[in-house]
Amino acid sequence: MRLHRLDITAFGPFGGAQSVDFDELSVAGLFLLHGPTGAGKTSVLDAVCYALYGSVPGARQSGQGLTLRSDHAASGTRTEVRLELTVAGRRLEITRQPPWERPKKRGSGSTLDKAQSWLREYDARTGAWKDLSRSHQEIGEEITQLLGMSREQFCQVVLLPQGDFARFLRADAEARGRLLGRLFDTHRFAEVEKRLAERRRATEAQVRDGDTELLADAHRMQQAAGDAMVLPDAAPGEPGLADAVMSAAAVARSTAREQLTIAHSRLTAAESVQAAAERTLADVRELARLQQRFAEARQRAALMEERSDGYRQALARMERARKAEAVAPALELREAADAEHRRADAAQARTRALLPDTFADAGAAGLASAARRAAEELGGLESARRAEQRLADLVAERDGLDRQERADDDVLRDADDWLAGWEATRAALQARVDAAQEAATRAEQLGVQREPAQKRLGAARMRDQLAGDTDTAAEQVRLAQADALELKARWLDVKEQRLTGIAAELAAQLADGEPCAVCGATEHPAPARKDAGHVDREAEEQALAAYQQAEERHSERERRLGVVREALAAATAEAGDASTEQLSEAADELERLYAQARQAASALHPAHEELRRAEQEHERRTAVRQEAAVRAASRVGHRDRLDRERAALEEELAQARGALDSVAARAGQLERQVGLLTDAADAARVAEDTAQRLKDADARLADAAFRAGFDTPQAAAEALLDDAAHRDLQRRLDDWQAQEAAVRAVLAEPDTAAAAQQPPADLAAAERAAALAAQRVRDAASARDAAARRCADLDRLSARAEISVRRLAPLREEYDRVARLASLTAGTSADNERKMRLESYVLAARLEQVAAAATVRLLRMSSGRYTLVHSDDRAGRGRSGLGLHVVDAWTGRERDTATLSGGETFFASLALALGLADVVTDEAGGVRLDTLFIDEGFGSLDDQTLDEVLDVLDSLRERDRSVGIVSHVADLRRRIHAQLEVVKGRAGSTLKVRSAAQRAARQG
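Residue numbers for the sequence shown follow this note's numbering, so the first one is 108 and each next one is one higher.
This is the structure:
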């Protein structure tokens, strides 16, 4: 990488535009960047870094880039940095502009412009620049890829900060590790350590969870096995837990199977004893049953002997009942005939009571003849009844025609009255529809005007409010500007006073034998003295801080004023010239008109509906009137026909009614008479028949009783039994005979008789023995089932535990492997003898390379005396790997770098910085760094050492490099002819370039 040209505008302390031609400065190889303290030497390097990476090193970068702007710049000048360089064989131009709070082009106040970037490449074939990108991200990625370094690496390798490397030289291992980690980007190795540690914790948690589950299964197996299983004394995650659990489970399963075999044997023996006891109990129960059976039979036989007289009486009663059963049909026939004859006499008496006295002595034949004559007369009245019914229908139909005529007259009058006013009604309804439609159109037009009117009214109210806010904000800006100008003038006066007495302030820091920070001399014959009213650095900083705070307040109030004015202009443009009162009145009037139109338009739909209903009513009433007229015409002929038919029917019915009011009344009279005569004739015939049957039944009953052996029919009737009494008596006889037969059968049984000869059976003792045997079988079966369940539970839990062990085996292996790797990379493993973390190990290798590269130049700077070496020794309780020692060739001893003097520390740190630059360059892919900057520290060297250091730096030209030395040491201005001077002034700093050729020309 070679720098060609740098252009700075309004950047840092440079209020105007400044340019640096690095090609002209680099001709001699070495050039000096010098100027007074605070002039802006470091700002030149910041500009290079900002052009490349869009930010400045370290703490100088703050905010969004707004602090990079020069306080001395004119308000209309934008901050800009342009850098032209060659990298990787490509000539590029990078232009960057940080965010800029500029004055508004119209109105007062300020606005913030975003940061901008440009990247261009020079095309040697066309001799012109071509644009590559205007994206911050793309430009940053392109430059980082071409340089192969991040901003931190660039600031350590190209802009060599000697103070940082002096601290690095004396720092402990932790501080060196942080710096080297940033330069060589070893966070990926730290990430590996972190990932391995996380992986170890994750796998350890999984193994512990698996062991916890395994121990839970082991506890379940212990509960199932009882005292036959002893759990291992191990916690989850400890080695050997799985083997111990599986061994204990195997012992428990073996013990459980032995117990199951013993339980099977005991159950078999108990079942044999129970079978024998059951057989004995059955024999005893059978003997007791037979003995009880024989005793009960003997008792029933004695009881039956005592009741034998009752049995014989019942048997005789049953025999008389059987004889009486032969007379029973004749008795039933006589009773039925008697009942029928009584009913017939009663019916005949009732029917004769309803007849006139003329029929009191008539027989059945006379009554039947009278009924036939009345029926014949009734048949002749059927035609008259039909005529009478027809006459009633005619009268009803004639009345219906009259009612229909009256109804049609009412309908015609109503329709005529309604239709007479139809045209007026229709015109009124149509007018309502038209008025509502017009109101709806007016409401729609007014609705469109409402929103703009409300917006104008709101804008007018905002305009009135912002008008007062603008005046207040303008007054605050004026006061803040006056305050800032006053504090700036005060700060410049204080700064001028301090610069006038700066020599006395520097002289106060001198000590005998210590080099001067300005000239490097160790003797101070006439140091300056502070006079009265001397201004120190703290007073200047306080004045500057007060001015900066006032300037910030001024900027903030200007920004607020701009915002208020923008809002005021927008509100005025929207509201127009009308006053708020006028706009409010217009908006209220518009709202009133809109509400009226909406209210009137709401009647449109009801008006339409009412008009539609009226038209439907008009059509209906017209149709009704036409139908009524048609019906009236048809009724005239129909009424005449009905009147003629009615006159003929009335003449016919007058003859048929006789003395009664109607034919129906005469027919009813004849129908009743026919019915009564017929019923009386039938009742007389039935009474005669039943009397003859009763006489025949009495003769048959007397003959049947005599043949059955009874003296009278009454005696036969008394001997009869009804069905219930007969069944009860037969049942008693059957029960007696059955019991007698059963008793004889039991007493005749051989087994029962033999059992009766034996001693009484002891059933209670046999039952106790059988119950005891059954209880023993149940106990043995329970023990056998418990042993079987124990075996099944242990087998199931053991299989589950075995699955868990097989599942955990790969995970446990992975955990062991990851734990070994994590301990090794973390430096806690016994295999890691030096207790070095992985990142420290990598950084130690890089530090060893840096020390080797630095030693090449340190030998020349120290005239072959000092060599830098890397040390793996541990420092106190810390970890080893990042130690750095110096070997003194004069004494042959290795000692700590903190023992070097001030000058020795400078050139040792310079050699370390150059060596680090070479290593980082190689790490970045071998990108050539043709331009380097070394910042301060040369004042601590004596003349001989300074010459040697400059010779080393001058030797960098062998690689076609140019080295810029940043220092204010006066002796360097005599030794280095190419110079870039930073001149400080009240209006800001400026740059002056003095090349070696110009200086030679002046000296000539």
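C-beta atoms are modelled at their ideal positions from N, C-alpha and C, and glycine is treated no differently.
A direct Cα-to-Cα measurement between D220 and T186 gives close to 11 angstroms. Remark: fewer than three beta-carbon pairs, one from each stretch, lie closer than 8 angstroms, so the stretch 823-842 and the stretch 397-410 are not flagged as touching. Annotated as proximal: A363 and L901, with beta-carbon spacing under 8 angstroms. The alpha-carbon separation between R227 and V963 amounts to approximately 39 angstroms.
Counting only runs of 4+ residues, no alpha helix (DSSP H) is found wholly inside the stretch 448-483. For F129, the enclosing alpha helix (DSSP H) starts and ends at F129 to L132. In chain order, A787 place their CB closer than 6 angstroms to the CB of R459, counting only its own chain and leaving out the 5 sequence neighbours on each side. Annotated as proximal: A560 and A694, with beta-carbon spacing under 8 angstroms.
Assigned with DSSP and collapsed to three states, W843 falls in helix.
Non-local C-beta neighbours of M569 in its own chain, meaning closer than 6 angstroms and more than five positions away in sequence, comprise A678, ordered along the chain. Residue state for R644 is assigned as helix, using DSSP reduced to three classes. As the crow flies, the alpha-carbon of F121 is around 14 angstroms from that of R189.
Close CB contacts of A581 within its chain, under the 7 angstroms cut and outside five residues either way in sequence, are with L668 (chain order). Beyond the five residues adjoining it in sequence on each side, A356 comes within less than 8 angstroms, by CB distance, of A325, M328, M336, L901, L904, S905 and A908 in the same chain, given in chain order. For the pair G214 and V670, the Cα-to-Cα distance works out to about 11 angstroms. DSSP, read as helix, strand or coil, puts S686 in coil.
Boundaries of the alpha helix (DSSP H) harbouring Q366: L348 to E413, taken from the DSSP string. Annotated as proximal: E512 and R742, with beta-carbon spacing under 8 angstroms. When the beta-carbon positions are compared, V540 and A714 come within less than 8 angstroms of each other.
In the assembly as shown, R924 is an exposed residue. Its beta-carbon has fewer than 16 other beta-carbons within 10 Å. DSSP places G147 in no alpha helix (DSSP H); its state is neither H nor E. DSSP lists R209 as the beta-bridge partner residues of T218.
A residue is called buried once 16 or more other Cβ atoms fall within 10 Å of its Cβ, and W997, having fewer, is exposed.
Boundaries of the alpha helix (DSSP H) around A542: W529 to T607. Under a 10 Å Cβ-count criterion, E1011 is classified as buried, with 16 or more other Cβ atoms of the shown protein chains found around its own Cβ. Apart from the 5 residues on each side of it in sequence, D805 sits with its Cβ closer than 8 angstroms to the Cβ of R441 in its chain, given in chain order. The criterion of a C-beta distance shorter than 8 angstroms is satisfied by V912 and L321. For Q882, the three-state secondary structure derived from DSSP is helix. Collapsing the DSSP output to three states places W525 in a helix.
Boundaries of the alpha helix (DSSP H) harbouring V957: L945 to M968, taken from the DSSP string. A contact between stretches requires three or more CB pairs, one per stretch, nearer than 8 angstroms, and the stretch 884-892 fails this requirement with the stretch 414-424. Beta-bridge analysis with DSSP links R176 to F118. Residue environment: E551 is assigned as exposed (fewer than 16 neighbouring CB atoms within 10 Å of its CB, all protein chains considered). DSSP places E1088 in the strand class (E or B) of the three-state scheme.
For D995, no alpha helix (DSSP H) encloses it; the enclosing beta strand (DSSP E) starts and ends at G990 to D995.
In summary, T149 is buried, with 16 or more beta-carbon neighbours lying within 10 Å of its beta-carbon over all protein chains present.
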